[in-house]
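>
Number of protein chains: 2
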Amino acid sequence: MRSSAIGTVLSAAVLCVTPVMVRAQTTLAQKLGYPATAKLLIVHADDIGVSRSQNVASEKGFASGAVTSGSVMVPCPWFPDFAAYYREHPGLDVGIHITLTAEWDYYKWGGVSPAGEIPSLLDEYGHFYPTAEAAAQHAVPAEVEKEVRAQIQRAIALGIKPSHLDTHMGTILVTPQLAPIYLKLGKEFGLPLLLPREWLQTVPADQRDALAAQYVLLDGLYMIEAADSTKTWPLRYEEMIAQMGPGLNELIVHLALDDTEMQAVTVNHPDFGAAWRQRDLDFVTSPAFKQMLKAHDITLVSWGQIRDLMRRP
Amino acid sequence: MRSSAIGTVLSAAVLCVTPVMVRAQTTLAQKLGYPATAKLLIVHADDIGVSRSQNVASEKGFASGAVTSGSVMVPCPWFPDFAAYYREHPGLDVGIHITLTAEWDYYKWGGVSPAGEIPSLLDEYGHFYPTAEAAAQHAVPAEVEKEVRAQIQRAIALGIKPSHLDTHMGTILVTPQLAPIYLKLGKEFGLPLLLPREWLQTVPADQRDALAAQYVLLDGLYMIEAADSTKTWPLRYEEMIAQMGPGLNELIVHLALDDTEMQAVTVNHPDFGAAWRQRDLDFVTSPAFKQMLKAHDITLVSWGQIRDLMRRP
Numbered sequence: 001m002r003s004s005a006i007g008t009v010l011s012a013a014v015l016c017v018t019p020v021m022v023r024a025q026t027t028l029a030q031k032l033g034y035p036a037t038a039k040l041l042i043v044h045a046d047d048i049g050v051s052r053s054q055n056v057a058s059e060k061g062f063a064s065g066a067v068t069s070g071s072v073m074v075p076c077p078w079f080p081d082f083a084a085y086y087r088e089h090p091g092l093d094v095g096i097h098i099t100l101t102a103e104w105d106y107y108k109w110g111g112v113s114p115a116g117e118i119p120s121l122l123d124e125y126g127h128f129y130p131t132a133e134a135a136a137q138h139a140v141p142a143e144v145e146k147e148v149r150a151q152i153q154r155a156i157a158l159g160i161k162p163s164h165l166d167t168h169m170g171t172i173l174v175t176p177q178l179a180p181i182y183l184k185l186g187k188e189f190g191l192p193l194l195l196p197r198e199w200l201q202t203v204p205a206d207q208r209d210a211l212a213a214q215y216v217l218l219d220g221l222y223m224i225e226a227a228d229s230t231k232t233w234p235l236r237y238e239e240m241i242a243q244m245g246p247g248l249n250e251l252i253v254h255l256a257l258d259d260t261e262m263q264a265v266t267v268n269h270p271d272f273g274a275a276w277r278q279r280d281l282d283f284v285t286s287p288a289f290k291q292m293l294k295a296h297d298i299t300l301v302s303w304g305q306i307r308d309l310m311r312r313p
Numbered sequence: 314m315r316s317s318a319i320g321t322v323l324s325a326a327v328l329c330v331t332p333v334m335v336r337a338q339t340t341l342a343q344k345l346g347y348p349a350t351a352k353l354l355i356v357h358a359d360d361i362g363v364s365r366s367q368n369v370a371s372e373k374g375f376a377s378g379a380v381t382s383g384s385v386m387v388p389c390p391w392f393p394d395f396a397a398y399y400r401e402h403p404g405l406d407v408g409i410h411i412t413l414t415a416e417w418d419y420y421k422w423g424g425v426s427p428a429g430e431i432p433s434l435l436d437e438y439g440h441f442y443p444t445a446e447a448a449a450q451h452a453v454p455a456e457v458e459k460e461v462r463a464q465i466q467r468a469i470a471l472g473i474k475p476s477h478l479d480t481h482m483g484t485i486l487v488t489p490q491l492a493p494i495y496l497k498l499g500k501e502f503g504l505p506l507l508l509p510r511e512w513l514q515t516v517p518a519d520q521r522d523a524l525a526a527q528y529v530l531l532d533g534l535y536m537i538e539a540a541d542s543t544k545t546w547p548l549r550y551e552e553m554i555a556q557m558g559p560g561l562n563e564l565i566v567h568l569a570l571d572d573t574e575m576q577a578v579t580v581n582h583p584d585f586g587a588a589w590r591q592r593d594l595d596f597v598t599s600p601a602f603k604q605m606l607k608a609h610d611i612t613l614v615s616w617g618q619i620r621d622l623m624r625r626p
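Protein chains in written order, with the numbering used here: chain A, 1 to 313; chain B, 314 to 626.
1. Compute the Euclidean distance between the alpha carbons of residue 579(B) and residue 446(B), then round it to the nearest angstrom.
2. Would the region 600 to 615 of chain B count as touching the region 79 to 97 of chain A if we require 3 or more Cβ pairs under 8 Å?
3. Following the continuous beta strand (DSSP E) through residue 562(B), name the residue where it begins and the one where it ends.
4. Residue 407(B) and residue 383(B): beta carbons closer than 9 Å?
5. I'd like the span of the alpha helix (DSSP H) that includes residue 593(B), first residue to last.
6. Going by beta-carbon coordinates alone, are residue 277(A) and residue 255(A) separated by less than 9 Å?
7. By alpha-carbon positions, which one of 484(B), 597(B) and 619(B) ends up nearest to residue 638(B)?
8. Enumerate, from N- to C-terminal direction, the unbroken alpha helix (DSSP H) stretches of 4 or more residues contained entirely within the region 449 to 496 of chain B.
9. Which runs of the beta strand (DSSP E) spanning at least 3 residues fall entirely within the region 38 to 99 of chain A, listed in chain order?
10. Note down, in chain order, each residue of its chain lying with its Cβ closer than 8 Å to the Cβ of residue 60(A), except the 5 sequence neighbours on either side.
11. Comparing the C-beta of residue 237(A) with each C-beta of chain B, is any distance below 9 Å?
12. Can you pull the chain A neighbours of residue 573(B), defined as C-beta to C-beta under 8 Å?
13. Take residue 388(B) and list the residues in its own chain whose beta-carbon comes closer than 7 Å to its own, dropping the five residues that flank it on each side.
14. From the DSSP output, read off the bridge partner residues of residue 33(A).
15. Look at residue 115(A) and residue 427(B) and say whether their C-beta atoms are less than 9 Å apart.
16. Under the three-state reduction of DSSP, which class applies to residue 190(A): helix, strand or coil?
17. So for residue 600(B), helix, strand or coil by DSSP?
18. Under a CB-based cut-off of 9 Å, is residue 208(A) close to chain B?
19. Any idea which residues DSSP pairs residue 196(A) with across the strands?
20. Assuming the contact rule is C-beta atoms closer than 8 Å, residue 39(A) and residue 299(A) should be a hit. Round their C-beta distance to whole Å, please.
21. Whose C-beta lies closer than 7 Å to the C-beta of residue 302(A) among residues of the same chain, with five residues either side of it excluded?
22. What are the residues in the region 396 to 424 of chain B lying within 8 Å of chain A by C-beta distance?
23. So, residue 368(B) versus residue 274(A), is the Cβ gap smaller than 9 Å?
24. Please classify residue 190(A): is it buried, with 16 or more other beta-carbons within 10 angstroms of its beta-carbon, or exposed?
25. Given that residue 282(A) touches chain B, what residues does it touch there, using C-beta distances under 7 Å?
26. Quick one: grab the DSSP three-state call for residue 548(B).
27. Could you tell me whether the Cβ atoms of residue 222(A) and residue 192(A) are closer together than 9 Å?
28. Taking the Cβ atom as the reference point for each residue, do residue 574(B) and residue 365(B) lie within a distance shorter than 9 Å?
29. Would a check of beta-carbon distances place residue 589(B) closer than 9 Å to chain A?
30. By Cβ distance, which residues of its chain are closer than 6 Å to residue 58(A), with the 5 residues on each side in sequence left out?
31. Please confirm whether residue 394(B) has its beta-carbon closer than 9 Å to some beta-carbon of chain A.
32. Please report the straight-line C-alpha distance between residue 139(A) and residue 558(B), rounded to a whole angstrom.
33. For residue 300(A), does the three-state DSSP call read helix, strand or coil?
34. Classify residue 122(A) as helix, strand or coil using the three-state DSSP reduction.
Rendered as structure tokens:
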């Protein structure tokens, strides 16, 4: 094809944009090759890299086939260990769990950037602040952008091909002055973002349509949030799965072993503690979880499928 | 007593120096209240803070009474966890394991100082170099001094009253351009140092007497150094104990559990690996170790006793 012909095709494509938009929208599910009203679900392992225990359990989650995506905390002590595992399992669907907080009592980390370059993100010991609120209160946006870009680049340098970006404790997404950095870095690296459709309600009304047109949004985001008894764990998950509707859903799980290390990481925190994470691991690797997904006609997908769709010419 | 009388006493003391030095020297053992030729032994747990596993096992070592001293790696991820334990057990004898290297394959740490202030100590990822040789090759002494002082101050800030200084992988002691920093910081903080008498042979001959007069030296330093079978572990330790002579001896042990975490910390390194450290723990907490010490007439002491002796007016 001559270059002038390519120009003609491109012009025709541009001219076609309006009529195509008027037609019934092709759903994300259809673009991914599924029926228009498919209930898509990403089963997502959070906090990979925080500890050896979290790595071992998350690897089990991936190996069981139940977990379709996960994300890594690049500044944490056990990130290089998981990166080594990833290099031996390059098909894993792994994104960057943007980390700007260090929430445990005695187990801490700071940034990937030199401390002198991100002073607003660090406490007197060079550790991140423990809560999203404290981080948001101190954070200078330019330093956040530098640190987050450094986390993504560090992961890439250690061999990871990120499938998406998401956010530890929500910090970069729920802080209005930081969210634009998250959106910008998604574009810069060509990566989809964890962005719940509900989040649109927090931005000015006149920006919502443009954002909805530019970003893939999650129609449903599910996670066990408060401590509950072991007995009701599968029941609570079944309630969530029953609620999932057509479109893109994500179920966040936190997988770790209830061992010496993880008990000490999460000391004083039964919520999201070691026993909690072991229950999550036991549940997602159980036949009951598979049966629930099947019974509710859930289609498992990964962030990588969405990234690849975004990058299609 | 009037001040002039104090002056007289001090003058008399100064005048007495020469005759006292000519008499048979009071041994360190006597100064500590033991017979002149007592075989003193510090049983020392190295590498505390490197992992949760190391902390748990070292705490067991202290609790068993077999370990008399230990030292902490302040830049490591699990140092704050051990510091919290120490604050609940303030009688523990704990020094600073000056750390300028990060030797494991996938489990890394950098300095306590902001990375921008100690660039000569860090690799491209902000981690210490893996060997004493690589650290020595890159290290700018002023940056070493800044980082080591920061490690000591961080430990003190987290509540530790250090009993001594020693050195991870020997870096600061075996590197001629760094050893003066070690000696200087011992004086500055009023702390005894791990200094084997043999080390004197590495300094110019005309400095040896002055150093021997100023510092408490170890007459014997013992450690299992090369991989050996489980069967011979107690035998090897018995050989060492049998060799110990009068004066100050130190036996360095590395205590950890042979668990998921420690196996991954020490992956690819059977020497000083997880199983090795579990064997050390099993040995030092065994009745056999106590019996050997008794059979060879060993007197257990701690670094804190030597520190307190140094600080006596």
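Backbone N, C-alpha and C fix where the C-beta goes; we use that ideal spot for every residue, glycine too.
The relevant details are as follows:
1. Taking the first residue of the second sequence as position 1, residue 579(B) is located at position 266. Taking the first residue of the second sequence as position 1, residue 446(B) is located at position 133. Roughly 20 Å separates the two Cα atoms.
2. no
3. Taking the first residue of the second sequence as position 1, residue 562(B) is located at position 249. Segment 560 to 566, the beta strand (DSSP E) holding residue 562(B).
4. Here residue 407(B) refers to the residue found at position 94 when the second sequence is read from its first residue. Here residue 383(B) refers to the residue found at position 70 when the second sequence is read from its first residue. Yes, the Cβ-Cβ distance between residue 407(B) and residue 383(B) is below 9 Å.
5. By 1-based counting over the second sequence, the position of residue 593(B) is 280. Per DSSP, residue 593(B) belongs to the alpha helix (DSSP H) from 587 to 597.
6. The residue you call residue 277(A) lines up with position 277 of the first sequence. The residue you call residue 255(A) lines up with position 255 of the first sequence. Less than 9 Å divides the Cβ of residue 277(A) from the Cβ of residue 255(A).
7. This structure cannot speak to residue 638(B), because chain B is shown only from 314 to 626.
8. 454 to 470 and 484 to 487
9. The region 38 to 99 of chain A contains these whole beta strand (DSSP E) runs: 39 to 48, 69 to 72 and 94 to 98.
10. Translated into positions along the first sequence, residue 60(A) becomes position 60. Cβ neighbours of residue 60(A) beyond the five flanking positions: 255, 281 and 285.
11. For the purposes of this step, residue 237(A) is identified with residue 237 of the first sequence, where counting begins at 1. By this cut-off, residue 237(A) is not an interface position.
12. Translated into positions along the second sequence, residue 573(B) becomes position 260. The contacting residues are 52, 53, 56, 257, 259 and 261.
13. On the second sequence, residue 388(B) is found 75 positions in, with the first residue counted as 1. Cβ within range, chain order: 412, 422, 423, 424, 425 and 464.
14. As a first step, residue 33(A) is located in the first sequence; it is residue number 33 there, counting from the start. Looking at the DSSP assignment, residue 33(A) forms no beta bridge with any residue, so it has no partner.
15. Looking up residue 115(A) in the first sequence gives position 115. Looking up residue 427(B) in the second sequence gives position 114. Yes, the Cβ-Cβ distance between residue 115(A) and residue 427(B) is below 9 Å.
16. What you label residue 190(A) is simply residue 190 of the first sequence in a count that begins at 1. Three-state DSSP puts residue 190(A) in coil, outside helix and strand.
17. On the second sequence, residue 600(B) is found 287 positions in, with the first residue counted as 1. Helix.
18. By 1-based counting over the first sequence, the position of residue 208(A) is 208. No - not a single Cβ of chain B is within 9 Å of the one on residue 208(A).
19. Counted from its first residue, the first sequence places residue 196(A) at position 196. 218(A), per the DSSP bridge assignment.
20. For the purposes of this step, residue 39(A) is identified with residue 39 of the first sequence, where counting begins at 1. For the purposes of this step, residue 299(A) is identified with residue 299 of the first sequence, where counting begins at 1. Here residue 39(A) really is in contact with residue 299(A); their C-beta atoms are around 6 Å apart, less than 8 Å.
21. Your numbering for residue 302(A) matches position 302 in the first sequence. Closer than 7 Å at Cβ, skipping near neighbours: 42, 68, 69, 93 and 163.
22. Interface annotation for the region 396 to 424 of chain B against chain A: 396, 397, 418, 419, 420, 421 and 422, criterion Cβ-Cβ distance under 8 Å.
23. Along the second sequence, one-based indexing puts residue 368(B) at 55. Along the first sequence, one-based indexing puts residue 274(A) at 274. No; because the gap between Cβ atoms is not below 9 Å, this pair is not in contact.
24. Translated into positions along the first sequence, residue 190(A) becomes position 190. With fewer than 16 other Cβ atoms within 10 Å, it is exposed.
25. Numbered from 1 along the first sequence, position 282 holds the residue referred to as residue 282(A). Going along chain B, no residue has its Cβ under 7 Å from residue 282(A), so there is no contact; the nearest lies around 17 Å.
26. To locate residue 548(B), count along the second sequence from 1; it is residue 235. Helix, per DSSP.
27. Taking the first sequence and counting its residues from 1, one reaches residue 222(A) at position 222. Taking the first sequence and counting its residues from 1, one reaches residue 192(A) at position 192. No, they are not a contact pair.
28. In the second sequence, counting from the first residue as 1, residue 574(B) sits at position 261. In the second sequence, counting from the first residue as 1, residue 365(B) sits at position 52. For residue 574(B) and residue 365(B), yes; Cβs fall inside 9 Å.
29. Against the second sequence, residue 589(B) aligns to sequence position 276. Closer than 9 Å: no.
30. Numbered from 1 along the first sequence, position 58 holds the residue referred to as residue 58(A). Once the five neighbours on either side are set aside, the close Cβ partners of residue 58(A) are 45, 48, 70 and 255.
31. Locating residue 394(B) in the second sequence gives position 81, counting from the first residue. Yes, its Cβ sits closer than 9 Å to a Cβ of chain A.
32. One-based indexing of the first sequence puts residue 139(A) at position 139. One-based indexing of the second sequence puts residue 558(B) at position 245. Distance between the alpha carbons of residue 139(A) and residue 558(B) is about 59 Å.
33. By 1-based counting over the first sequence, the position of residue 300(A) is 300. Strand, per DSSP.
34. Translated into positions along the first sequence, residue 122(A) becomes position 122. Residue state, collapsed to three classes: strand.
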